[in-house]
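Peer 1: Can you read through this structure? Questions will come right after.
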Amino acid sequence: MIVRDFNELKNGPRAVSDANWTSVRMLLADDNMGFSFHITILEAGSEHTFHYKHHFESVYCMQGKGSITDLATGETHEIKPGVMYALDQHDKHTLKAEEELVMACCFNPPVTGKEVHQADGSYAPADS
Numbered sequence: 091m092i093v094r095d096f097n098e099l100k101n102g103p104r105a106v107s108d109a110n111w112t113s114v115r116m117l118l119a120d121d122n123m124g125f126s127f128h129i130t131i132l133e134a135g136s137e138h139t140f141h142y143k144h145h146f147e148s149v150y151c152m153q154g155k156g157s158i159t160d161l162a163t164g165e166t167h168e169i170k171p172g173v174m175y176a177l178d179q180h181d182k183h184t185l186k187a188e189e190e191l192v193m194a195c196c197f198n199p200p201v202t203g204k205e206v207h208q209a210d211g212s213y214a215p216a217d218s
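Last residue of the sequence shown: 218 (this note's numbering), numbering continuous.
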């Protein structure tokens, strides 16, 4: 059994930050669960374009308000507590945080914790 406390991890090496967001990696590839699990906080007023070409991601909004736009279709969806979205087609998207967003995220394949976003908004393939 794996038991971890977000409050203990949020100021340690499992907390990864980039442009206006912080992600606390609760589960990583070396936990051998087949997915990684993160609590990600996006700063109010921030905008992010991501394209996880090598990963599937599912996200559940726990707090805040924002929107997600599918860049292939132009369709925009409201993000608020209780809303989940899944990037089942490796969808390139823009996420806007009107208020601070607190999101629970799962990645498959799992991330290692050392990834950084590449210029195109993706992470490198898991075997890189």
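Yeah, the Cβ is synthetic: ideal placement off N, Cα and C, and Gly gets one too. Note that this is a predicted model, so its numbers are computed, not measured.
Looking at cysteine 196: is its Cβ nearer than 8 Å to the Cβ of proline 171?
Peer 2: No, the Cβ-Cβ distance between cysteine 196 and proline 171 is not below 8 Å.
Peer 1: Three-state secondary structure (DSSP) at alanine 119?
Peer 2: Three-state DSSP puts alanine 119 in a helix.
Peer 1: Between which two residues does the alpha helix (DSSP H) containing leucine 99 stretch?
Peer 2: That run of the alpha helix (DSSP H) goes 96–99.
Peer 1: With 16 as the cutoff for other CB atoms within 10 Å, does serine 107 come out buried or exposed?
Peer 2: Per the 10 Å Cβ criterion, exposed.
Peer 1: The beta strand (DSSP E) that contains aspartate 108, what's its start and end?
Peer 2: Taken as a continuous stretch (DSSP letters only), the beta strand (DSSP E) holding aspartate 108 covers 105–108.
Peer 1: Residues in the same chain with beta-carbon distance under 6 Å from asparagine 198, minus the five sequence neighbours each way, listed in chain order, please.
Peer 2: So the qualifying residues of the chain are Phe125, Phe146.
Peer 1: Where does the unbroken beta strand (DSSP E) through tyrosine 150 begin, and where does it stop?
Peer 2: Looking at the DSSP string, the run of the beta strand (DSSP E) that includes tyrosine 150 is 146–153.
Peer 1: So, are the CB atoms of leucine 118 and tyrosine 142 less than 8 Å apart?
Peer 2: Cβ atoms of leucine 118 and tyrosine 142: not closer than 8 Å.
Peer 1: Give the single residue among Gly203, Ala194, Thr202, Thr184 whose Cα lies nearest to the Cα of serine 136.
Peer 2: Closest by alpha carbon: Thr184.
Peer 1: Could you name each continuous beta strand (DSSP E) segment of 3 residues or more that falls completely within the segment 150–192, going from the start of the chain to the end?
Peer 2: DSSP runs (the beta strand (DSSP E)) wholly in the segment 150–192: 156–160, 166–169, 174–176, 183–187.
Peer 1: What residues are listed by DSSP as bridge partners for alanine 134?
Peer 2: Alanine 134 is not bridged to any residue.
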